[in-house]
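Heads up, the thing below is written out as C-alpha cells.
Number of protein chains: 2
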Amino acid sequence: MSLTHTGVTAGPAELDPCGQPEHPDCGIRDLLDRVGDTWSVFVIVELANGPRRFGELQRAIDGISQRMLTLTVRRLERDGLVTRTVYATVPAQVDYRLTETGASLTHLVKALADWSLAHREVIADARSAYDAQHPDNVMRRGQSSS
Amino acid sequence: MSLTHTGVTAGPAELDPCGQPEHPDCGIRDLLDRVGDTWSVFVIVELANGPRRFGELQRAIDGISQRMLTLTVRRLERDGLVTRTVYATVPAQVDYRLTETGASLTHLVKALADWSLAHREVIADARSAYDAQHPDNVMRRGQSSS
DNA sequence: CTGAATCCAGGGGGATACTG
DNA sequence: CAGTATCCCCCTGGATTCAG
C-alpha cells in the first residue's frame, strides 16, 4: 500500500512505488510515457472497438499525421500492446489490433477517462480561479492567452 | 464508452489542447498531459503520504530540479490538485498537500503502478523480441542506431 | 529556504514530398 | 494503401544564476 492516502499524516514515507530514474525496478515510467504521449491513448481507444487498418485509424483519430500514427503504432507494437498484420493484397493492407496486454490497458484508460469527466468541472474552475489570481502568469499550456 | 471518437469528419482540423477538436471528451487530454509529464505523478505520490515542503519534495523525488519542481507543483496547483500554503516564517516556508481532487487521483496512479508492475515483464519481453527482429530500427529510445 | 530568470540542448510532433 | 524521409518549430526539462 504505497499510494493509499489514509489520513494525511506525515508517516514513515513509505511511498514510492518505484519511480525515480535510477530505480530499475520501476517500469511505471514506461507506461506514463506511453500514456502520456499525444496519440497512444487515442489509438488504443480506437482499437478497443476492434481491429483497424492504418487508414481507418488515421481517419478515426482526428488530427493525427501519418508520421505520428506510424510512430505511435510502432511503439505500441514494440511494447507488445498491439499486433500488426500485413496482408499481401495488391494495394497493401495492414491491420492493427490490441493484444491481450493492450486490451487490459483499456480498463485503465477507461478509468482515466472517467476520472477526467468526473473532475473536469472542478479542474476548470480551479484553473479559472488560478488564472484570475495570476493574470501575469504564463502557465497556460496550449491555451489561448490572448 | 466515454472515449469513443465518433465521427470526426472534415472540419478545420484545428487542434485543440485536448487533441480531439470539438469533442466533449477533451478533458482527458488535460489528465494525460499531467499524468504524462515527467514529474507530476511522482509529486502526487509523494504528497499522498502527507504534506511536504518544497525541499522535502525535492529531496524525495530523486533527480528533479528546482525549476521542474516549481513548474510541476504550480501546474498541479493551478489544476486544483494541490494546495500551496506559505508560512510567514523567517526562512520562508511553504508546504504542499493534495486537495480532495488530487487525492482521488492517487487511486488512478495506484492503478497505473499496479498495471505497470503486472505487465512489465511481458512488455520487456515484447521489446526484446521486437528489437531483435528490427535491429536497424531507430525506436530504441536514447540509443543511436547508425 | 523557496523560488524566479535565463540560457541551452534534445526530442516530440506537424507539414510535406516521395516510394513499394 | 501504408508507410518513409526531411525539414523545422517549439516545448520540455536540465544547469546555472539571482532574489525575497
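In order, the protein sequence lines correspond to chains L and S. Residue numbers for the first sequence, in our numbering: 62 to 207. Residue numbers for the second sequence, in our numbering: 62 to 207. Quick reminder that beta carbons are idealized off the backbone N, C-alpha and C, glycines included. Please read these numbers as outputs of a predicted model, since none were measured by experiment.
Interface residues of chain L facing residue i [CB-CB closer than 7 Å]
i, result
"ARG136/S", "MET200"
Proximity to residue i [Cα-Cα], best of the options
i, options, result
"SER177/S", "LEU142/L, LEU178/L, GLN154/L, ALA190/L", "LEU142/L"
"LEU166/S", "TRP100/L, VAL147/L, ALA179/L, ILE125/L", "ALA179/L"
"ARG95/S", "ASN110/S, ASP192/S, ALA121/S, ARG139/S", "ARG139/S"
"TYR191/L", "THR144/S, ARG181/S, GLY163/S, ALA164/S", "THR144/S"
"ALA121/L", "ARG128/L, LEU132/L, LEU108/L", "LEU108/L"
"MET200/S", "ARG136/L, ARG90/L, MET129/L, PHE103/L", "ARG136/L"
"PHE103/S", "THR133/S, THR150/S, GLN194/S", "THR133/S"
"PRO152/L", "GLY88/L, ALA193/L, GLY116/L, GLN194/L", "GLY116/L"
Neighbour list for residue i in chain S, Cβ cutoff strictly below 9 Å
i, result
"THR162/L", "HIS180, VAL183, ILE184, ALA187"
Distance cut-off 8 Å: residue i Cβ against heavy atoms of the ligand ZN
i, result
"TYR157/L", "As far as ligands go, the structure on display features none, and thus does not contain the ligand ZN."
Contact under 9 Å by Cβ, residue i with residue j
i, j, result
"LEU93/S", "LEU159/L", "no"
"TYR157/S", "PRO112/S", "yes"
"VAL183/S", "VAL106/S", "no"
"ARG90/L", "ASP91/S", "no"
"ASP98/L", "GLY97/S", "yes"
As assigned by DSSP and simplified to three states, the class of residue i
i, result
"LEU159/S", "strand"
"PRO85/S", "With a pLDDT of only 47 at PRO85/S, under the threshold of 50, the placement of this residue in the model should not be trusted; the figure read from the coordinates follows. It is helical."
"THR146/S", "strand"
Cutoff 7 Å; reference residue i; Cβ partners in own chain excluding five residues on either side
i, result
"GLN154/S", "ARG114, TYR148"
"ILE125/L", "TRP100, GLN119"
"THR162/L", "GLY141, LEU142"
"SER189/S", "none"
"ALA146/L", "The question names Ala, but residue 146/L in the sequence shown is Thr. Cβ neighbours of THR146/L beyond the five flanking positions: VAL155, ASP156."
"GLN237/L", "Nothing about residue 237/L can be reported from this structure: the residues present for chain L run from 62 to 207 only."
"THR150/S", "none"
Own chain residues within Cβ distance below 6 Å of residue i, not counting five before or after
i, result
"ASN198/S", "none"
"ASP186/S", "none"
"MET129/L", "TRP100"
"ASP123/S", "none"
Same chain, Cβ closer than 8 Å to residue i, five either side skipped, listed in chain order
i, result
"ALA164/S", "ALA109"
Neighbouring residues, chain S, relative to residue i (Cβ below 8 Å)
i, result
"GLY97/L", "LEU93, ASP94, VAL96, GLY97, ASP98"
Chain-ordered neighbours of residue i on chain S, where CB pairs are closer than 7 Å
i, result
"ALA172/L", "LEU169, ALA172"
"ARG113/L", "By Cβ distance, chain S contributes nothing, its closest Cβ being about 11 Å from ARG113/L, past 7 Å."
"GLY88/L", "SER177, LEU178, ARG181"
"TYR157/L", "The premise fails here: TYR157/L is roughly 15 Å from chain S at the closest Cβ pair, so nothing lies under 7 Å."
"ASP140/L", "ILE184, ALA187, ARG188"
"VAL102/L", "LEU93"
Chain L contact residues for residue i, given Cβ-Cβ distances below 8 Å
i, result
"LEU130/S", "Result: empty, since nearest Cβ-Cβ is about 13 Å, beyond 8 Å."
"TYR148/S", "Neighbours of TYR148/S on chain L: none; closest Cβ ~16 Å, over 8 Å."
Partner residues on chain L for residue i, Cβ-Cβ distance less than 9 Å
i, result
"LEU166/S", "TRP176, HIS180"
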